[in-house]
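Some notes on the structure that comes next.
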C-alpha cells in the first residue's frame, strides 16, 4: 500500500517535471520557427506555458486512465510558475515581496501535504471525480468533458487569480516602492486565510483521529461549528488577498497590460468554491450511508457560503 502510494506520487511528480521540459522545448525549439510566435509578449508566453503543461498532464491522465494527475496542479503552478517570476526578491532584500512569496509558498505546501495525505496511490480517484463521471451518461465523452471541467477551467481560474502577482513581480522596479495600505491589508488577508485553512485542517484531523472505525459523527467543533467549509472560506479569502496586493499595480499600469484585469480571477474562484466544491461536498456527505443523517442535521444549523448565496 505504502510502496504503491510512493510510486504513484513519483509518477505524477515526474509527469509534471517532464511536462515542464516539454513546455520549454515547445517555446524554445518549435514555436520560434514560426513568425507568428516570435517576439511574444509575456502574457502569451505564460498562456503557452500553461497550455503545454496542461496538454501533457491531460494525455498522461488518459494513458493511466486516472484523473488524479490534475489534483496537484494548483500547488505546482505556484511552486514553479510563480516562484520562477518572483523568487528574485530574496536577492534584493525587498521585505514586502519576500513576505508575499513566503506566504504563497506556505499556502502551496498546505495543498501539497493535503493531497499527499489523501491520495492512496493508483488506481485511487477522488470521490468528486467519480461522482461527476457517474453523471456523464456516455462514458465515451468523459475525457473530453474532463478536459474542460477539470483541466481547462481550473487552469484558467488559477492563472487569472495569480495574474496580479505575476504582473507585479515581473516588474522588477517594485523593489524600489513602499507597500501601500491596501497591499498591507492584502498581506494580512492572505496570512489570516492561510491560518484559517491550516487551523480547520488540524481541527478536522484531530476530530477524525478520535473517531472509531465506521463512526457516524460529523465534526461540529472549532471553526466547523460556525461554517461547514471553513477551509474553503480560507481558500477564497487567500485569492482576494492576492487581488488586494496586486490591485494598485494593475490599476496604475492597466494601459500597457495585455490582459485587462479586474477582480475577475478572485470572483471566478469564489464562484467555483461556493457553487462547485462546497456543493459537491455537501451532496456527497448528505448521501453518505454512515454520516448522511447526522450531516443533514448539522447542515440545518451551520452555514456555508453556498447556503448564504441561496438564502
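Residue numbers (the working numbering): 53 to 363.
Idealized CB from N, CA, C, for every residue including glycine.
query	result
What's the C-alpha gap between residue 337 and residue 304?	46 Å
Is DSSP giving residue 358 helix, strand or coil here?	Residue confidence is low: residue 358 scores 45 on pLDDT, short of 50, so the model does not pin down where it sits. No coordinate-derived value is stated.
To the nearest angstrom, report how far apart residue 146 and residue 156 are at their CA atoms.	16 Å
Please look up how many angstroms separate the CB atoms of residue 177 and residue 246, rounded, as I've assumed it's under 8 Å.	Contact doesn't hold; Cβ gap of about 28 Å is too wide.
Mind checking whether residue 179 and residue 270 have CB atoms under 8 Å apart?	no
Taking the beta carbon of residue 257 as the centre, do at least 16 other beta carbons fall within 10 Å, making it buried, or is it exposed?	exposed
In whole angstroms, what is the alpha-carbon distance linking residue 103 and residue 158?	25 Å
To the nearest angstrom, how far is the alpha carbon of residue 366 from that of residue 76?	Because the chain spans 53 through 363 in this model, residue 366 falls outside it and cannot be assessed.
Where does residue 170 land, buried or exposed, given buried means 16+ other C-beta within 10 angstroms?	exposed
Could you spell out where the alpha helix (DSSP H) holding residue 214 opens and where it closes?	205-222
Out of curiosity, what's the CA-to-CA distance linking residue 276 and residue 232?	34 Å
Could you pull out every residue in the same chain whose Cβ sits closer than 6 Å to the Cβ of residue 138, ignoring the five residues on either side in sequence?	153, 221
Under a three-way DSSP split, which group does residue 300 fall into?	helix
Just to confirm the assignment, what range does the alpha helix (DSSP H) spanning residue 55 have?	54-77
Going by DSSP in three states, residue 251 sits in which element: helix, strand or coil?	helix
Just to confirm the assignment, what range does the alpha helix (DSSP H) spanning residue 276 have?	Neither: residue 276 is in no alpha helix (DSSP H) and is coded neither H nor E.
Taking the alpha-carbon positions, what's the residue 164 to residue 123 distance?	9 Å
Quick one: is residue 280 buried, meaning 16 or more other Cβ sit within 10 Å of its Cβ, or exposed?	buried
Between which residues of its own chain and residue 284 is the CB-CB distance below 7 Å, once the five residues before and five after are set aside?	325, 329, 330, 357
Under three-state DSSP, which class holds residue 271?	coil
Going by C-alpha to C-alpha distance, which of 261, 266, 242, 274 sits closest to residue 289?	242
Around the C-beta of residue 62, are 16 or more other C-beta atoms found within 10 angstroms, so that it is buried, or is it exposed?	exposed
Quick one: what does DSSP say residue 90 is sitting in, helix, strand or coil?	coil
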